[in-house]
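I have placed the structure first, in the form of structure tokens, so that the comments after it can refer back to it.
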Amino acid sequence: MIRDILQVVKREWQWILLEKRYIVLVLVGPILFTLCLHGIYGTKKVVGLPVVFVDHDHSQLSREMSRAFLANEAFKSAGYINSPDEFPKLVAEDRAHVCVVFPYGMERNLKAGRGGRVEVMVDQSNFLSGSVELANANAVLTPFSVVADARIIEAVDGVKQEQALRRAMPIDVGTRVLFNPGFTSNYLNYIPVGAATISLQLAALLIGIRSGSSEFQERSFQPLPSVQANPIALVAGKVVSYLLPLLPIYLITLLIPHVLFGSPFVRTGLSFCVILVWFPAALITFGYGLSALTGDSLMATEVCALLTLPNFLVTGYTWPMFASPKAMLLFTYGMPLYPFAFAMKKITILGGTLADCINQIWCLTGWSLIAVLFAWAGTRRIFTHHPEGSVSHG
Amino acid sequence: MDKTLLKLCLREVKRIISDPRIVTLLLCGPFAYAFIFGGVYWNGRTTNVPIIIVDQDHSRLSRELTTALRSSDSLSIVGFANSPAELPPMTRREEAYACVMFPLHFERDVLAGRSPRVAIVLDGSNTLIGGTALNAIRTIVGTYQVGVDRRVLEATGFPAGSVPTVARPIIMTGRQLFNPTSNYSYFLLIGLVCAASQSVLRMITGMSIGLDSYKELRDSVKTDMPSIPWLFATKVAGTCCLAIPVVFGAAASVLTLFGMPHRGSLPLIFSALAVYVVIHVCMGYGYYGMCKSYILSTHLHLFMAVVLFFLSGFTWPYYAMPPAVQAITPFIPIFHMNCIMRKVNLVGATAGWVLPHLVALAVWLVIAYAWGYKAFKQWCREQNLAPAPDSQAVA
């Protein structure tokens with residue numbers, strides 16, 4: 001049995017080495033992909049958003065507030081404009097994404113105890129930058145609000161400054177962020193780790209996609225008569241031959257965020273290893289089975305394209321599953337990337353174990369069964385196609 | 395001559411339609427994206443984030459706050475716990491993502507004017523979930539904060555009418571322009587359709603040329619064979635005849651079925667989209683010429699699809715990327731198409747406002763056409779030397 005498997009492995013390696021560009025694409029692709037994602041998210045948080053000011057007040061307070069905005073690293077000055085009406089054009093030209101309006105009489109009203117109003121217009125056409133803009137504007141203006149609160153309470157009520165400050169903020173909200181302490185200020189810990197699984201999934205599916213169909217074209221099992229009598233050895237040999245070069249790629253790709261860019265990697269150990277081997281083995285088996293069953297690499301690639309193209313965004317990794325309509329959950333659970341992306345997140349970022357990944361294990365089991373079924377049917381088809389293993393050997 | 399060109403153009407259309415593999419991809423790709431993501435982002439914003447409450451105070455105020463949290467549609471209280479330490483395992487099991495804790499003597503401290511603390515513990519591993527939970531909890535607690543402010547000031551002798559003004563001297567009014575409800579689908583859906591179209595168009599063009607042969611092409615023209623530039627033009631036109639209506643249909647479904655607002659000029663959007671389709675059809679030829687195999691070029695497109703989408707700056711804004719990456723983005727066609735789509739649709743930009751992006755698309759059209767033509771010319775030369783169909787060999 002072992003000898004048969006090794007024979008198949010040797011034969012597969014000889015064949016895949018004929019197409020070196022393919023090897024480069026499938027094996028180097030995931031690593032380049034991950035490095036590229038880290039390049040994109042290299043700044044870790046949204047900084048340097050261009051902000052314009054509409055200062056109708058021209059007061060000391062408005063100037064102080066402008067300086068406070070620019071002292072926040074999320075913003076950089078894009079100048080002053082005369083009216084907020086000019087802002088949409090600046091957004092379209094990418095010259096400004098935030099507009100702060102200090103209305104006429106703001107300082108005067110504040111001194112008179114009538115309350116001041118600052119209008120912050122944010123470009124919400126990009127959800128991410130819009131949220132960051134609003135949160136940072138709030139962070140800049142809150143201290144002004146609290147200090148003004150305290151000054152008024154102090155002046156009107158005659159209480160001490162310390163006491164006035166306390167009265168201005170009666171309920172203190174303390175926040176503790178688990179698993180990604182940087183939270184909104186560190187997207188590098190969050191997106192690239194999950195997005196790297198897209199390329200890993202593609203690599204596992206595509207590396208085996210030609211191995212089945214090629215048996216109908218230029219290859220046959222003529223030199224391996226023993227394999228004819230042992231279909232399990234054939235499938236095992238095919239899976240092992242692709243899994244062995246792929247495992248180091250999986251490991252390197254998953255470790256790049258941690259080693260090079262400092263993303264959290266809470267737990268290794270058994271749970272990590274099980275998922276690391278199980279997922280690619282299941283997908284390689286599926287890819288081979290699909291390819292053998294269709295007998296056409298192109299059709300098998302198309303099925304993979306339809307399975308993988310929409311995959312990441314519906315896995316619930318970014319957009320949470322509980323916020324999707326219930327009917328879409330079936331779709332999410334049916335995607336092969338869901339169990340891998342989520343299990344890896346739970347193990348490496350949340351510090352979980354396999355016991356915390358029950359849903360993902362069920363899904364992975366389902367995909368493994370489908371893969372085995374496809375591989376069994378595909379192998380049967382290959383043997384039916386070459387009953388005596390006598391087709392010319394390419 | 396005109397009839398020959400028309401005939402060749404129709405031949406290309408017929409070839410694509412008659413190949414179920416190509417037509418499935420062409421029809422399913424952009425529409426599937428529009429419908430799948432339209433369904434996933436149907437609610438438009440994150441709602442019902444499961445949270446737990448740790449109430450160590452068991453007071454009237456903590457119960458009132460719990461009721462207020464329960465009434466928020468952003469949150470869903472899934473249970474009460476004894477300690478915040480129970481949250482991490484629940485998060486790993488996807489049962490709860492945040493914990494609100496009312497400490498012991500919470501109400502007593504409020505009444506004594508001692509500034510009590512509400513603790514929020516949350517899962518930061520998903521920004522959308524954590525951000526939604528944090529904002530909702532802060533908003534609700536903030537309203538109580540104002541109420542307590544008011545009570546404290548009234549107790550110190552302020553006339554009831556003037557208390558609200560004094561309690562909040564600087565009011566920040568946030569105006570979320572262009573997508574006031576922060577609807578996630580408005581922001582993402584149209585870009586995903588562009589991304590899907592990009593990959594699908596390049597793939598089907600690669601398949602189309604890979605499965606064709608110069609001999610068949612020559613046999614289909616009984617009269618004089620047109621020159622290679624004309625042949626290439628007919629192939630591009632034939633593919634675009636099918637691709638443009640499909641991509642238009644997918645974009646229109648986003649605008650009509652999923653309610654994405656469009657404030658700008660529709661002719662401008664669809665003109666840009668038509669140019670974008672032609673660019674990618676031509677690039678499909680270019681990539682095929684580079685890979686010399688439709689399988690390899692299809693796999694290459696699959697790998698590149700997501701990278702190009704991320705690089706286009708559609709989710710993570712390009713102006714927040716490191717300068718080296720920012721320098722790359724203008725050289726990607728999808729970046730300009732996404733900018734046009736978002737700015738014209740959401741911001742209401744005119745052609746003048748997005749002129750740099752339109753010019754970039756025009757430049758890309760010339761480059762892609764020249765690249766595609768070069769690859770096609772090479773293909774013709776190879777096919778003339780070896781006229782047998784290459785479909786089996788490359789597979």
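Heads up: the sequence lines are chains A and B, in that order.
Using this note's numbering, read the first sequence as starting at 1 and increasing by one per residue.
Using this note's numbering, read the second sequence as starting at 395 and increasing by one per residue.
Yeah, the Cβ is synthetic: ideal placement off N, Cα and C, and Gly gets one too.
- In this model, A745 of chain B and A135 of chain A are separated by some 32 Å (Cα to Cα).
- Taking A377 of chain A as the centre and dropping the five residues before and after it, the same chain places the C-beta of L293 closer than 6 Å to its C-beta, in chain order.
- Residue nearest to S591 of chain B within the set B:C493, B:R736, B:V672 and B:S412 is B:V672 (criterion: CA-CA distance).
- A residue is called buried when at least 16 other Cβ atoms come within 10 angstroms of its Cβ; S465 of chain B does not meet this threshold and is exposed.
- Listed along chain A is no residue with a C-beta nearer than 8 Å to that of L400 of chain B; the closest approach is about 29 Å.
- Per DSSP, reduced to three states, the secondary structure at I16 of chain A is helical.
- Interface annotation, Q124 of chain A: in contact with chain B, CB-CB separation under 8 Å.
- With 16 or more other Cβ atoms from the protein chains shown falling within 10 Å of its own Cβ, M715 of chain B counts as buried.
- Listed in chain order, the non-local C-beta contacts of C774 of chain B below 8 Å within the same chain comprise Y608, I622 and L625, local neighbours out to five positions each way being set aside.
- Residue contact check for D4 of chain A against chain B: no CB pair falls below 8 Å.
- With 16 or more neighbouring CB atoms inside 10 Å of its own CB, W747 of chain B falls in the buried class.
- Residues of the same chain with a CB within less than 8 Å of the CB of R381 of chain A, apart from the 5 flanking positions on each side, are A292, L293 and G295 in chain order.
- The region 17-75 of chain A is shown to contain whole beta strand (DSSP E) runs of 3 or more residues at 49-55, in chain order.
- Contact holds between the region 244-263 of chain A and the region 29-44 of chain A, because three or more Cβ pairs, one in each stretch, are under 8 Å apart.
- Measuring C-alpha to C-alpha distances from S129 of chain A to each of A:L243, A:P103, A:D94 and A:Q14 identifies A:D94 as the nearest.
- A Cβ-Cβ distance of about 7 Å is found for the pair V443 of chain B and S470 of chain B, placing them in contact under the 8 Å criterion.
- For chain A, the residues of the region 440-458 of chain B that bring a beta carbon within less than 8 Å of one of its beta carbons are T440, T441, N442, V443 and P444, in chain order.
- Contact between V669 of chain B and T633 of chain B fails: their C-beta atoms lie close to 14 Å from each other, not under 8 Å.
- In summary, the residues of the region 461-485 of chain B whose CB is separated from some CB of chain A by less than 9 Å are S470, P478, L481, P482, P483 and T485, in the order they occur in the chain.
- Between L420 of chain B and I598 of chain B, the gap from beta carbon to beta carbon is short of 8 Å.
- By alpha-carbon distance to C422 of chain B, the top candidate from B:T398, B:E480, B:I726 and B:V594 is B:V594.
- Contact check for V100 of chain A against F53 of chain A passes: the beta carbons are separated by less than 8 Å.
- Taken through DSSP and simplified to helix, strand or coil, C357 of chain A comes out as coil.
- The beta carbon of R612 of chain B sits closer than 8 Å to the beta carbons of M619 from its chain, once the five residues preceding and following it are set aside; these are given in chain order.
- Nearest to N126 of chain A by alpha-carbon distance, out of B:D606, B:A627, B:I447 and B:W710, is B:W710.
- DSSP, reduced to helix, strand and coil, places S77 of chain A within a strand of the structure shown.
- Contact residues of the region 712-731 of chain B toward chain A are Y713, A714, M715, P716, A718 and V719 (C-beta to C-beta distance below 8 Å).
- L516 of chain B carries a strand assignment under DSSP once its states are collapsed to helix, strand and coil.
- Annotation for V118 of chain A: the continuous beta strand (DSSP E) segment containing it runs G116 to D123.
- Straight across, the Cα-Cα distance linking M677 of chain B with D123 of chain A is about 33 Å.
- Within the model, the alpha-carbon separation for V512 of chain B versus F642 of chain B is close to 51 Å.
- Taking all protein chains shown into account, K397 of chain B has fewer than 16 neighbouring C-beta atoms within 10 Å of its C-beta and is therefore exposed.
- Take the alpha-carbon of I689 of chain B and the one of I514 of chain B: they are about 52 Å apart.
- With fewer than 16 neighbouring CB atoms inside 10 Å of its own CB, W362 of chain A falls in the exposed class.
- Within chain B, no C-beta atom comes nearer than 9 Å to that of D57 of chain A; the closest sits roughly 12 Å away.
- About 5 Å separates the beta carbons of H693 of chain B and L206 of chain A, which is inside the 8 Å limit, making them a contact pair.
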